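Q: From first to last, the protein sequence lines stand for chains S and G.
The opening position of the first sequence corresponds to residue 321 in this note's numbering, with each subsequent residue numbered one higher.
The opening position of the second sequence corresponds to residue 321 in this note's numbering, with each subsequent residue numbered one higher.
One structure, pasted below without further comment.
There are 2 protein chains.
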Amino acid sequence: MLEHIDETPVAGNGLLDRRMFLRGAGAIGLVSAAGSAAAETLMVPAWTKTPGAWLQGYGQPSRFEGNVARGPFPADLYGGIGPGSTRAPLQNLEGMITPNGLHFERSHNGIPDINPDQHRLLIHGLVKRPLTFTVEALSRYPMTSRIAFIECAGNSGALYGPKAAEGTAQSLHGLVSCAEWTGVPLAMLLEEAGVDPAAKWFIAEGADAASMDRSVPLAKGLDDAMIALYQNGERIRPSNGYPMRLLLPGYQGNMNVKWLRRIKLVREPAMTRDETSKYSLLLKQGHVAQFNFPMDAKSVITKPSPGLTMTGPGIYEISGIAWSGNGKVAKVEVSADGGKSWALAALSDPVLSKALTRFRIPWRWDGGPAILQSRATDDSGYVQPTREQQIGVRGSLAQYHCNLITSWGVSAAGEVKHVYA
Amino acid sequence: MLEHIDETPVAGNGLLDRRMFLRGAGAIGLVSAAGSAAAETLMVPAWTKTPGAWLQGYGQPSRFEGNVARGPFPADLYGGIGPGSTRAPLQNLEGMITPNGLHFERSHNGIPDINPDQHRLLIHGLVKRPLTFTVEALSRYPMTSRIAFIECAGNSGALYGPKAAEGTAQSLHGLVSCAEWTGVPLAMLLEEAGVDPAAKWFIAEGADAASMDRSVPLAKGLDDAMIALYQNGERIRPSNGYPMRLLLPGYQGNMNVKWLRRIKLVREPAMTRDETSKYSLLLKQGHVAQFNFPMDAKSVITKPSPGLTMTGPGIYEISGIAWSGNGKVAKVEVSADGGKSWALAALSDPVLSKALTRFRIPWRWDGGPAILQSRATDDSGYVQPTREQQIGVRGSLAQYHCNLITSWGVSAAGEVKHVYA
């Protein structure tokens, strides 16, 4: 019923047609490639012989998945308080959705324990009538849902460094996650408050102990901004802004202010601490790129990636995530020879604007050294740059918005390492 | 910048145009409708004055959301073991994704604690070469991702009863959930094993203490069936089949065999316990509808719904979920007058085949009694039936596949109750 097919490479070093698996893998001996043995006599396992555990009000992962966690943890300089971040374990994740327990977290002075009954959102400044909202009042408003990624502006910053940093997909790139967010369109609340035509920006402020605040163009507030109350169906987690956060699809993570308590409409950006001393991109010759908000198109291979060892020559799937803060991912290309040749990866549906997109391509590893790369192009035509291109433009002081092409080196022993190529 | 609009009802008893909110709500006084006060002086809350909590490897919901849990729990007849189910708290959820901790659970003899290193999947019977797969071997296979609902065949069965059962969206309809599933297409493994042309069905068996097994048409196995390893990005939760389950998009939940250990290709259905004594639909005059697998188009309003009290006349959003085991939701209509008149609801993107779809429509409640209903139509043209229609066809013995239109009665006091209308 499924046709047999050629296994003609579509790019150097063993990359195969992305549609190969759709047409059936019978011809290529995938089972032996994957090391499956012929049928064993199935023994009845212990857990089939005894009734299992009872039901749970709120479920948890298997105890055998305890190593799948956010991390690495920063130095705890102040005894369990202060700023920090942990990263999503990208090498252990699949698909486009990040489960809420593993969504990356970043806080500037810890994660507040907010009582939603006492929380208020104030909209004021250059408006006709200032408004205060309780969580309950907001919950009565019409809502909207969208699947969107959030990426910290500092994600992947280590790749600006002069030497290829040791690390995993998680430790190098794990400050990105994706969820279905539901909440009230900010445009609706601004309309209700009545925008003064003099207003061009707004300041969003959190109720955390850092009073984290950022300036946002009013145009974004009237476009696709959302006061998000739900994350993957349930109320937002504390580390992601409970009881509400600002969602600015595609914009740098830090602007998606968590624990949101205040939106003040103003004429000009406020030059807050977190848009001056931080989250501005140092360029060459003393220049700074400030207020560069959207996260440009990017991709990273998560399978294989450092920490996941290859178990001998044969067929593997190369899989990863791609995204763009400016729209949809139009295509992802993969190279197995360090960028000399490229092949088109398959994209998993649905491909959504400003959301993670899963890509996949089959690869026959011949057991020799290989350098794996992925390159995303978004629907604006923007192409993810090489390291040379990005550093050529930005210089060596850049810290933020790093979206250059990552290289994973595969050794003959099957070990995968971050390399520059 | 947003135009003011008429608030002309589009159906009886206050239903408003679904696009109203898209065009701006400034004209209709939504804030006062929602009871928001004019701006208070924002006090600095306690949690802004003290550093917050430290980072967590695996995040949990806010302690203030402790009441959002699966339930109700069945009688624990055997001291924490045995069969049972809990339901997703639909009235507390938003969007289309069910978070993993709240995905409904159903087990026939408890939830096994499976060590993935010892688990095996056997494919045998009418195949050219029987195959055994470890989790690790399967993990090397090319994967596919899709967002799909799973609904227990017994969901909403109480609505066949002669009197309107007291209950909530959760207790009446909570045996449905939706997640992004990732795994290996079953067709690929069957191709590898080599299907004997005599095979027309397969038996899927779980490794739980009930050895839950069901017969599935081979055609479904070669179509969109998946050996799912991931649920919303992370490994499947124990209550949903860790380390692997069968996913049969759109088919009754029980067939999506959890803790999957065996797929045996056969000529005819095996008439297992769970497709004969249960999960067959009793009809009139001694007839039984067996092997009716897809869950037909259905919808339920989750907001407002029993337990969520209305707080006075004014504008509300009516929101809910719709789905079809046969394809995409084409439209959802809502009635506020017990089915006399209907208005089209807005559907949240993305609208995906065999996935939950969120619908929304604004409603001006005048403070009088109202009966809210929703009616889904899928892209095959199938229309969700009324209670009279469904019981007229099936008779009074039916237990499964109940997808009739639910009615929520709203009293002048704002209380919402399940009613027959």
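Glycine included, every Cβ here is placed at the ideal spot set by N, Cα and C.
Predicted, not measured: the structure shown is a model, and the values here were computed from it.
Could you tell me whether the Cβ atoms of Arg555/G and Tyr378/S are closer together than 8 Å?
A: no
Q: Taking one C-beta from the segment 618 to 635 of chain S and one from the segment 622 to 631 of chain G each time, how about it: are there three or more such pairs within less than 8 Å?
A: no
Q: Is there a C-beta anywhere in chain G that falls below 8 Å from the one on Met463/S?
A: yes
Q: I need the DSSP call for Met575/S, collapsed to helix, strand or coil.
A: helix
Q: What is the DSSP secondary structure of Thr697/S, reduced to helix, strand or coil?
A: strand
Q: With DSSP as the reference, identify every bridge partner of Thr328/G, one or two as the case may be.
A: Per DSSP, none; premise fails for Thr328/G.
Q: Leaving out five residues on either side along the sequence, give the residues of the same chain with a beta carbon under 8 Å from the beta carbon of Ser668/G.
A: Gly415, Met416, Thr677, Arg678, Phe679 and Arg680
Q: Just to confirm, is the Cβ distance from Gly477/S to Pro409/S under 8 Å?
A: no
Q: Go to Val671/G, then tell me how far its beta strand (DSSP E) extends in each direction, as first and last residue.
A: Unbroken run through Val671/G: none, as it is neither H nor E.
Q: On a CA-only basis, which of Gln605/S, Gly647/S and Val654/S is nearest Pro624/S? Give me that one, please.
A: Val654/S
Q: Indicate whether the contact test is met: 3 or more Cβ pairs, each with one atom in the segment 438 to 448 of chain G and one in the segment 578 to 592 of chain S, closer than 8 Å.
A: no
Q: Enumerate in chain order the residues of its own chain whose CB-to-CB distance from Arg707/S is below 6 Å, with the five nearest sequence positions on each side excluded.
A: Leu724
Q: Go through the segment 476 to 523 of chain S residue by residue and report every complete run of the alpha helix (DSSP H) that reaches 4 residues or more, in order.
A: Counting whole runs of 4 or more residues, the segment 476 to 523 of chain S contains the alpha helix (DSSP H) stretches 489 to 493 and 506 to 513.
Q: Once DSSP output is grouped into helix, strand and coil, what is the label at Pro558/G?
A: Reduced to three states, the DSSP call for Pro558/G is helix.
Q: Closer than 9 Å, Cβ to any Cβ of chain S: which residues of the segment 371 to 387 of chain G, in chain order?
A: Pro371, Gly372, Ala373, Trp374, Leu375, Gln376, Gly377, Tyr378, Gly379, Gln380, Pro381, Ser382, Arg383, Phe384, Glu385 and Gly386
Q: Could I get the ranges of all uninterrupted alpha helix (DSSP H) runs contained in the segment 359 to 420 of chain S, with 4 residues as the minimum, in chain order?
A: Secondary structure remark: continuous alpha helix (DSSP H) runs of at least 4 residues inside the segment 359 to 420 of chain S, in chain order: 366 to 369.
Q: Counting only the same chain and skipping the five closest in sequence on each side, list residues whose C-beta sits under 6 Å from that of Thr726/G.
A: Val620
Q: Would a C-beta distance cut-off of 8 Å place Gly645/S and Ala741/S closer than the cut-off?
A: no
Q: Check the DSSP bridge columns for Pro537/G and list the partner residues they point to.
A: For Pro537/G, which the question treats as bridged, DSSP gives the partners Trp521/G.
Q: Under 8 Å between the Cβ atoms of Val455/S and Met564/S?
A: Cβ atoms of Val455/S and Met564/S: closer than 8 Å.
Q: Verify whether the separation of the beta carbon atoms of Ala286/G and Val649/G is less than 8 Å.
A: With chain G represented from 321 up to 741, any question about residue 286/G goes unanswered, as that position is not in the structure.
Q: State yes or no: is the beta carbon of Lys578/G nearer than 8 Å to at least one beta carbon in chain S?
A: no
Q: Mind listing which residues of the segment 536 to 566 of chain G have their C-beta closer than 7 Å to chain S's C-betas, in chain order?
A: Leu542, Tyr550, Asn552, Gly553, Glu554, Arg555, Arg557, Pro558, Ser559 and Tyr562
Q: Buried or exposed for Lys674/S, please, with buried defined as at least 16 other CB atoms from any protein chain shown within 10 angstroms of its CB.
A: buried
Q: Out of curiosity, what's the CA-to-CA distance linking Tyr720/S and Pro462/S?
A: Put simply, the backbone Cα of Tyr720/S is about 36 Å away from that of Pro462/S.
Q: Under 8 Å, Cβ to Cβ, is there at least one residue of chain G near Tyr720/S?
A: no
Q: Going along chain S in order, which residues have a C-beta closer than 8 Å to the C-beta of Gln438/G?
A: Pro365
Q: Output the distance between the C-alpha atoms of Val536/G and Ser639/G, rounded to the nearest integer angstrom.
A: 35 Å
Q: Using only CA atoms, which one of Cys472/S, Gln709/S, Thr368/S and Gln710/S lies nearest to Leu568/S?
A: Cys472/S
Q: For chain G, check one thing: does any of its Cβ atoms lie closer than 8 Å to the Cβ of Gly346/S?
A: Because the pLDDT of Gly346/S is 47, which lies under 50, any placement of that residue in the model is unreliable, and the question is left without a value.
Q: Could you tell me the distance, in whole angstroms, from the CA atom of Ser661/S to the CA atom of Thr464/G?
A: 25 Å
Q: Under a three-way DSSP split, which group does Asp657/G fall into?
A: Secondary structure of Asp657/G (DSSP, three-state): strand.
Q: Classify Lys483/G as buried or exposed, calling it buried when 16 or more other Cβ atoms lie within 10 Å of its own Cβ.
A: exposed
Q: Please work out which residues of its chain come closer than 8 Å, Cβ to Cβ, to Ala518/G, disregarding the five sequence neighbours upstream and downstream, and give them in chain order.
A: Excluding residues within five positions, the ones whose Cβ falls inside 8 Å are Leu446 and Arg587.
Q: Excluding sequence positions up to five away, which residues of its chain have a Cβ less than 7 Å from the Cβ of Asp544/S?
A: Pro569
Q: Count the other CB atoms within 10 Å of the CB of Lys369/G; is the residue buried (16 or more) or exposed (fewer)?
A: exposed
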